[in-house]
Amino acid sequence: MKVLIVDDSLPNALLIEDLLRKLDFVYTVVFTDPVKALNWAAVETPDLLVLDYIMPDIDGAEFLKRFQSIERNQHVPVVVVTIDDKQSTLHDMLDAGATDFVRKPVDEDELVARCRNLLRMRSYQGELQKTVERLHVMATIDSLTGVCNRRHFLDRLETEVARAQRFNEPLSIAMLDADHFKSINDSHGHAVGDNVLRALTRACVEMLRRHDIVGRLGGEEFAICMPETTMDKAQIVCDRLRQNIAGLKVKSGQAEVQFTVSMGVTQYQRGNDSLESFMSRADGALYQAKNQGRNQVILAIPDENGKDQA
Numbered sequence: 037m038k039v040l041i042v043d044d045s046l047p048n049a050l051l052i053e054d055l056l057r058k059l060d061f062v063y064t065v066v067f068t069d070p071v072k073a074l075n076w077a078a079v080e081t082p083d084l085l086v087l088d089y090i091m092p093d094i095d096g097a098e099f100l101k102r103f104q105s106i107e108r109n110q111h112v113p114v115v116v117v118t119i120d121d122k123q124s125t126l127h128d129m130l131d132a133g134a135t136d137f138v139r140k141p142v143d144e145d146e147l148v149a150r151c152r153n154l155l156r157m158r159s160y161q162g163e164l165q166k167t168v169e170r171l172h173v174m175a176t177i178d179s180l181t182g183v184c185n186r187r188h189f190l191d192r193l194e195t196e197v198a199r200a201q202r203f204n205e206p207l208s209i210a211m212l213d214a215d216h217f218k219s220i221n222d223s224h225g226h227a228v229g230d231n232v233l234r235a236l237t238r239a240c241v242e243m244l245r246r247h248d249i250v251g252r253l254g255g256e257e258f259a260i261c262m263p264e265t266t267m268d269k270a271q272i273v274c275d276r277l278r279q280n281i282a283g284l285k286v287k288s289g290q291a292e293v294q295f296t297v298s299m300g301v302t303q304y305q306r307g308n309d310s311l312e313s314f315m316s317r318a319d320g321a322l323y324q325a326k327n328q329g330r331n332q333v334i335l336a337i338p339d340e341n342g343k344d345q346a
């Protein structure tokens, strides 16, 4: 772990460095110039800051203010070292953002123990953050395809609907279903079926814009949210996507599997549409596409009440 030591007295800084090197897995960076230390901290993020409180030009409080103004440094633990033993100084240090403090002359065992404890806390925080990130992925991302799962897609779609209402911008949605997917699973096995779904979603992500949203609603059914897109433009995009998917080949042993998709597209009707009617209209167009022979894009044109005119 990386420890930043800032002390205008080089002997003091080197003493602290020597003490902290007794800790396992600790790498130290020493500065006697606080300005240079801040420049370093603008690029690097330490796991612990050991800071002399009384320094010329920039004192400990000002240093902490600048150091913690960098967002990624806001949760870095800080041990302040000071010769000032007044209680008011302690309060000032804690108010400035210090986590702990050690008075000079430094008790070597105390300094090492306090730094060890804070580094442990920092390590636990890092592990907790990684766990939170993993849980977030599990809660929002479909594990097979890597796109939004149903719940996360609906949450993001609701946000886009609200934005379309607020700013009077077009919003279109496409419902997409892999044709004859059950027969692919039955003929080639579920592993090949999984690869088909991965290839399908990869094609979607590669062809669509970065701010378009792809979600797996369940099984072989997907949805695409296209902000700032009219239905006519969405139809063009979806038909290109449909053609591209029809040209994909997924290996199955010595053979290759090709597949198609059916799609239903509609545009949000500002003022009269609910999230449910918006999705239901696209879903109805999807089933119409499947009933009319599959491998096609069908539009559902809403009337002034948001109802289906497909």
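Numbering (the numbering used here), first residue to last: 37 to 346. Glycine is no exception: its CB is placed at the ideal position from the N, C-alpha and C atoms.
- The alpha-carbon separation between residue 303 and residue 333 amounts to approximately 14 Å.
- Counting every other CB atom within 10 Å of its CB across the protein chains shown gives residue 105 a total below 16, marking it as exposed.
- About 6 Å separates the Cβ atoms of residue 335 and residue 267, confirming a contact at the 8 Å cut-off.
- Our two residues, residue 194 and residue 273, have alpha carbons roughly 22 Å apart in a direct line.
- A check of alpha carbon separations from residue 282 across 232, 248, 107 identifies 232 as the nearest.
- Shown here for residue 254: same chain residues with a beta carbon closer than 8 Å to its own, the five before and five after excluded, namely 186 in chain order.
- Per DSSP, residue 59 is not a residue of any alpha helix (DSSP H), being assigned neither H nor E.
- When the Cα atoms are used, residue 154 and residue 113 turn out to be separated by approximately 6 Å.
- Between residue 42 and residue 73, the C-beta spacing is below 7 Å.
- When Cβ pairs closer than 8 Å are counted between the two stretches, the region 234-250 is seen to touch the region 164-184, the count reaching three or more.
- Going by C-alpha positions, residue 314 is about 16 Å away from residue 249.
- The region 317-331 makes contact with the region 292-299: 3 or more CB pairs, one atom from each, lie closer than 8 Å.
- Distance check between residue 85 and each of 141, 147, 58, 119 places 147 closest, using alpha-carbon atoms only.
- Taking the C-beta atoms as reference points, residue 150 is found nearer than 7 Å to residue 136.
- By the neighbour-count criterion, in which 16 or more other beta carbons inside 10 Å mark a residue as buried, residue 100 falls on the buried side.
- Buried is the label assigned to residue 89, since at least 16 other Cβ atoms lie within 10 Å of its Cβ.
- Take the alpha-carbon of residue 221 and the one of residue 227: they are about 8 Å apart.
- Classified as exposed, residue 119 has fewer than 16 neighbouring CB atoms from the shown chains inside 10 Å of its CB.
- Using a Cβ distance threshold of 7 Å, residue 216 and residue 288 do not count as a contacting pair.
- Judged by DSSP in its simplified three-state form, residue 72 adopts helix.
- Sequence-distant Cβ neighbours of residue 202 in its own chain, meaning closer than 6 Å and more than five residues away, do not exist here.
- In the structure shown, the three-state DSSP call for residue 52 is helix.
- Relative to the Cα of residue 247, the nearest Cα in the group 259, 214, 264 belongs to 264.
- Assigned with DSSP and collapsed to three states, residue 281 falls in helix.
- Residue 291: member of the beta strand (DSSP E) spanning 291-293, first to last residue.
- Per the coordinates, the alpha-carbon of residue 140 lies some 25 Å from the alpha-carbon of residue 158.
- Contact between residue 306 and residue 338 fails: their C-beta atoms lie close to 10 Å from each other, not under 8 Å.
- Taking the Cα positions, residue 38 is about 13 Å away from residue 58.
- In chain order, 37 place their CB closer than 8 Å to the CB of residue 61, counting only its own chain and leaving out the 5 sequence neighbours on each side.
- Per DSSP, reduced to three states, the secondary structure at residue 287 is strand.
- Within the region 118-188, the complete beta strand (DSSP E) segments of 3 residues or longer fall at 136-139, listed in chain order.
- Between residue 81 and residue 102, the C-beta spacing is not below 7 Å.
- Our two residues, residue 123 and residue 204, have alpha carbons roughly 59 Å apart in a direct line.
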